Each structure stands twice: as structure tokens, then as C-alpha cells.
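Below is one structure; the comments refer to it alone.
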Amino acid sequence: MGDITFSIIKPDAYEAGHTGAILSIIEKNGFKWIAGRLTRLTAEEAGSFYSIHEQRPFYQDLCDYMSSGPILVFLLRKENAVNSFRNLIGATDPKQADEGTIRRRFASSVEANAIHGSDSDENARIESAFFFSQREIVEKI
Ligand code: CMP
Numbered sequence: 274m275g276d277i278t279f280s281i282i283k284p285d286a287y288e289a290g291h292t293g294a295i296l297s298i299i300e301k302n303g304f305k306w307i308a309g310r311l312t313r314l315t316a317e318e319a320g321s322f323y324s325i326h327e328q329r330p331f332y333q334d335l336c337d338y339m340s341s342g343p344i345l346v347f348l349l350r351k352e353n354a355v356n357s358f359r360n361l362i363g364a365t366d367p368k369q370a371d372e373g374t375i376r377r378r379f380a381s382s383v384e385a386n387a388i389h390g391s392d393s394d395e396n397a398r399i400e401s402a403f404f405f406s407q408r409e410i411v412e413k414i
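Throughout the sequence shown, residue numbering follows the working numbering, covering 274 to 414 in sequence.
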């Protein structure tokens, strides 16, 4: 497995002021930031980022929601980053997420679920390339 994953602090968590608390949990769990930016997506950009979900019934709502406010996009490094980070954030639906996970603690619904984590090394690469150029990524820590 690769050692990089891509994450987003979503509009609900940013708006609620949970960004610092979430980043603190991530750092305490041994992840190192190697790139990051506060940004805001247009509905078109959200549509493009989530094009894999185009046929799903929640696609339009998801694009509206993800373009509704600022988001923090960032890249993290840790051994076995993708799986380790998905364990830390918990299931997509916060009601199904384990006690102590980030989504269980901070998410409000299956859509507004506070945080994103890549589901594979391949998607970590694709998602990272959507937001970051190579020169924005710190290679040596
Ligand atoms: P994430 O896994 O980060 O990326 C896809 C997003 O689609 C997911 O988080 C949720 O925000 C959203 N999503 C997934 N399943 C549903 C659903 N059943 N209803 C509404 N939104 C969903």
C-alpha cells in the first residue's frame, strides 16, 4: 500500500468550527501534512470532482453541498495511509461510524459527513492531482 492519502474538511465541519479539532486528531494519529489549502468549489468543479457518482441519486445534492462553503483540502503521509485514515474517519454514514471516529464525533448526516478520505491509492493520486500541482507537495519532511 502507498503512504499518501487525500482529505477534505467539508463545508459543514468548516462552518461549525471543527477544523482545528479535526486536524489535531489527525496529527495525534501520526499523519503528516504534505500539502494543504483552504478553497471553495464552484458547483461545476464539485460536479467534476464527484463525476464518479454522476449516476447516483444524491449526486446533485452532493455537488450543491460541496460548493456551499469553504473546504480545506489536504494531503497526508503515513504508512498505509489510505486504510489507516479511513479507520480514523469512520463509516460514510455517521450513524454507522464507530465510537471515537471523526465522523461519529463531528458529522451531521450521511451527506454532510464532515470529512473525506480517499478509498484507494489510485484515487488518492487522482484526487490529489485535482487540487495540487507537484510543486505544492512537500516531498521531504
Ligand atoms: P465521501 O465518501 O467523502 O464522498 C462521496 C460522498 O457522497 C460521501 O462522502 C457523502 O458525502 C456523499 N454520500 C454518499 N452516500 C450518500 C447517500 N446515500 N446520501 C447522500 N450523500 C451520500
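Cβ coordinates follow ideal geometry from the N, Cα and C atoms, glycine included.
Bear in mind the structure is a predicted one, so any value in this text is a computation, not a measurement.
Measure the Cβ-Cβ separation of residue i and residue j and say whether it is below 9 angstroms.
i, j, result
"D371", "A380", "no"
"V346", "F304", "no"
"N302", "S357", "yes"
"F403", "S321", "yes"
Throw me the rounded Cβ distance for the residue i and residue j pair, which I believe falls under 8 angstroms.
i, j, result
"L349", "I299", "7 angstroms"
"D276", "K351", "6 angstroms"
"I325", "Y287", "23 angstroms between Cβ atoms; not a contact."
"N386", "R378", "The pair is not a contact, with the Cβ atoms about 11 angstroms apart (cut-off 8 angstroms)."
"I362", "I399", "19 angstroms between Cβ atoms; not a contact."
Helix, strand or coil, according to DSSP, for residue i in the structure here?
i, result
"I299", "helix"
"H291", "coil"
"I388", "strand"
"G320", "helix"
I'd like to confirm the pairing. Which residues does DSSP put opposite residue i in its beta bridges?
i, result
"T278", "L349"
"A308", "L348"
If you draw a straight line from the C-alpha of residue i to the C-alpha of residue j, how long is it?
i, j, result
"R310", "T278", "15 angstroms"
"S391", "I307", "15 angstroms"
"A319", "D337", "8 angstroms"
"E317", "P367", "27 angstroms"
"V355", "R408", "22 angstroms"
"A294", "R329", "32 angstroms"
"E327", "E384", "15 angstroms"
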